[in-house]
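In what follows, a structure is listed as structure tokens, so that the remarks can point back to it.
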Amino acid sequence: EADIYQTPRYLVIGTGKKITLECSQTMGHDKMYWYQQDPGMELHLIHYSYGVNSTEKGDLSSESTVSRIRTEHFPLTLESARPSHTSQYLCASSELNRGQYEQYFGPGTRLTVT
Amino acid sequence: QKEVEQNSGPLSVPEGAIASLNCTYSDRVSQSFFWYRQYSGKSPELIMSIYSNGDKEDGRFTAQLNKASQYVSLLIRDSQPSDSATYLCAVPDSWGKLQFGAGTQVVVTP
Numbered sequence: 021e022a023d024i025y026q027t028p029r030y031l032v033i034g035t036g037k038k039i040t041l042e043c044s045q046t047m048g049h050d051k052m053y054w055y056q057q058d059p060g061m062e063l064h065l066i067h068y069s070y071g072v073n074s075t076e077k078g079d080l081s082s083e084s085t086v087s088r089i090r091t092e093h094f095p096l097t098l099e100s101a102r103p104s105h106t107s108q109y110l111c112a113s114s115e116l117n118r119g120q121y122e123q124y125f126g127p128g129t130r131l132t133v134t
Numbered sequence: 002q003k004e005v006e007q008n009s010g011p012l013s014v015p016e017g018a019i020a021s022l023n024c025t026y027s028d029r030v031s032q033s034f035f036w037y038r039q040y041s042g043k044s045p046e047l048i049m050s051i052y053s054n055g056d057k058e059d060g061r062f063t064a065q066l067n068k069a070s071q072y073v074s075l076l077i078r079d080s081q082p083s084d085s086a087t088y089l090c091a092v093p094d095s096w097g098k099l100q101f102g103a104g105t106q107v108v109v110t111p
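Line order of the protein sequences matches chains A and B. Position one of the first sequence corresponds to residue 21 (my numbering), numbered consecutively onward. Position one of the second sequence corresponds to residue 2 (my numbering), numbered consecutively onward.
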């Protein structure tokens, strides 16, 4: 099982501010993911990375950007926050277990844009 | 059609009874299947993984896989109020990214 850390856990910020949500893991996992989830709704993959300097957009279009400069770190940035960005953001990473990748989630960041 | 289908529920289960959750998937080449539990306001937690046909038991949880029917299920025996949550079925796509179902909400009633 992986230890995945996300900071901050809760963030309330005004419209137009730039924000960075932090995600880190210390297990050396190559694969990392960002999901967006509104209360009571489905998970939506917004970004993923299969290793350093590798980032791809997910199934749901997002105005956020990500970077992967170090294996353990996968931050997500919003250049100009809007109320429509209010949501829960979940980071995850995968580890290989008996030939299959198993994915584990961090605790999430609940973002509110006012 | 979604790649992973689940009944949304809510599935109401008396305490002590068996909760039965179903999931169907469209990709015939899928080799691994996962069940996650998500409490309200929390992140999903991996509770079961199954890779071969048949049953896999872990405590009060049993996962059942039938690849020919493209069907995976989760049984929760002796359901407890603490089992009240949304259960997500997940199947990797050809790129290894997990495709999640919409989730089944389980409510265990005392």
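Beta carbons are placed, not taken as given, at the ideal position from N, Cα and C, and that holds for glycine.
Bridge partner(s) assigned by DSSP for residue i
i	result
I24 (chain A)	A:Q45
W36 (chain B)	B:M49 and B:C90
S114 (chain A)	A:Q123
M52 (chain A)	A:S69 and A:S113
A1 (chain B)	No information on residue 1 (chain B) is available, as it lies outside the stretch 2 to 111 that chain B covers here.
E6 (chain B)	B:T25
S13 (chain B)	B:V108
Cβ separation of residue i and residue j, assumed to be a contact under 8 angstroms, to the nearest whole Å
i	j	result
Q106 (chain B)	P15 (chain B)	Incorrect: roughly 16 angstroms between the Cβ atoms, too far for contact.
V109 (chain B)	Q81 (chain B)	6 angstroms
S41 (chain B)	V92 (chain B)	About 24 angstroms; that fails the 8 angstroms criterion.
Same chain, Cβ closer than 7 angstroms to residue i, five either side skipped, listed in chain order
i	result
L75 (chain B)	L22, W36, M49, F62, A64 and Y88
G128 (chain A)	Q26, Q108, Y109 and L110
T25 (chain B)	E6, Q71 and Y72
S85 (chain B)	V107, V108 and V109
Under 8 angstroms between C-beta atoms of residue i and residue j
i	j	result
A112 (chain A)	M52 (chain A)	yes
S87 (chain A)	T75 (chain A)	yes
F125 (chain A)	S44 (chain B)	yes
Q120 (chain A)	S53 (chain B)	no
T40 (chain A)	P103 (chain A)	no
G78 (chain A)	Y70 (chain A)	no
L66 (chain B)	G55 (chain B)	yes
Residues near residue i by beta carbon distance below 8 angstroms, same chain, minus five either side
i	result
L80 (chain A)	Q56, H64, L65 and I66
V72 (chain A)	R88, I89, R90 and T91
Same chain only: Cβ atoms within 6 angstroms of residue i, ignoring 5 sequence neighbours per side
i	result
E42 (chain A)	T27 and P95
S27 (chain B)	E4
S82 (chain A)	I66
L31 (chain A)	L131
S100 (chain A)	G36
Residue i in three-state terms, based on DSSP
i	result
P103 (chain A)	helix
P82 (chain B)	helix
N54 (chain B)	coil
K77 (chain A)	strand
A20 (chain B)	strand
I89 (chain A)	coil
S101 (chain B)	The sequence given here has Phe at residue 101 (chain B), not Ser. Note: F101 (chain B) maps to strand in three-state DSSP.
T11 (chain A)	Since the first residue of chain A shown is 21 and the last is 134, residue 11 (chain A) is not available in this structure.
V19 (chain A)	A query on residue 19 (chain A) cannot be resolved here, the shown segment of chain A reaching from 21 to 134 and no further.
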